[in-house]
Amino acid sequence: MKTKTPKDDNIGQATRPKHIPQRACIACRQSRGKRDLIRLVYSTDFVEIDLKGKKPGRGVYICSRKKCWEAALKGNRIEYGLRTKLSAENRHTLLEYGGSLPEKED
Ligand SMILES: [Zn+2]
Numbered sequence: 009m010k011t012k013t014p015k016d017d018n019i020g021q022a023t024r025p026k027h028i029p030q031r032a033c034i035a036c037r038q039s040r041g042k043r044d045l046i047r048l049v050y051s052t053d054f055v056e057i058d059l060k061g062k063k064p065g066r067g068v069y070i071c072s073r074k075k076c077w078e079a080a081l082k083g084n085r086i087e088y089g090l091r092t093k094l095s096a097e098n099r100h101t102l103l104e105y106g107g108s109l110p111e112k113e114d
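First residue of the sequence shown? That's 9 in the working numbering, and the numbers climb one at a time after it.
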């Protein structure tokens, strides 16, 4: 005999949180609220860290944790996402920033 009650279908509706825009990290592919991600934006000829998330241009998002920055910079995910090439200097700047982030676990 099935034990499911009509009530089960309503679970979650009353407690659903307010809608927060979600973005996916280019390294781990997890969707998170924008506050947990750091935006990178390509402007003129340099990939910049856009801490306020307001700069115009094509952007990608990476979690605010070291592991994701290292993963994103190890491959060409930033370059692919922004359709540009990172110079060695630019990559170094981003790696340094990533290295200053905490080692967070989920
Ligand atoms: Zn991530």
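All residues carry an ideal CB built from backbone N, CA and C; glycine is no exception.
Worksheet entry | Start and end residues, beta strand (DSSP E) containing Cys71 | Here residue 71 refers to the residue found at position 63 when the sequence shown is read from its first residue. Residues 67–71.
Item to complete: Work out the CA separation of Pro110 and Glu126 for me, nearest whole Å.
Response: An answer regarding residue 126 cannot be provided, because it is not within the stretch 9 to 114 covered by the chain.
Fill in: Extent of the continuous beta strand (DSSP E) run through Gly41
Your numbering for residue 41 matches position 33 in the sequence shown. That run of the beta strand (DSSP E) goes 39–41.
Item to complete: Compute the Euclidean distance between the alpha carbons of Arg66 and Thr52, then round it to the nearest angstrom.
Response: Translated into the one-based positions of the sequence shown, residue 66 becomes position 58. Translated into the one-based positions of the sequence shown, residue 52 becomes position 44. If you take the alpha carbons of Arg66 and Thr52, they lie about 11 angstroms apart.
Worksheet item: Is the beta carbon of Ala35 within less than 6 angstroms of some heavy atom of ligand 1?
Response: Numbered from its first residue, the sequence shown carries residue 35 at position 27. Within the cutoff, so yes.
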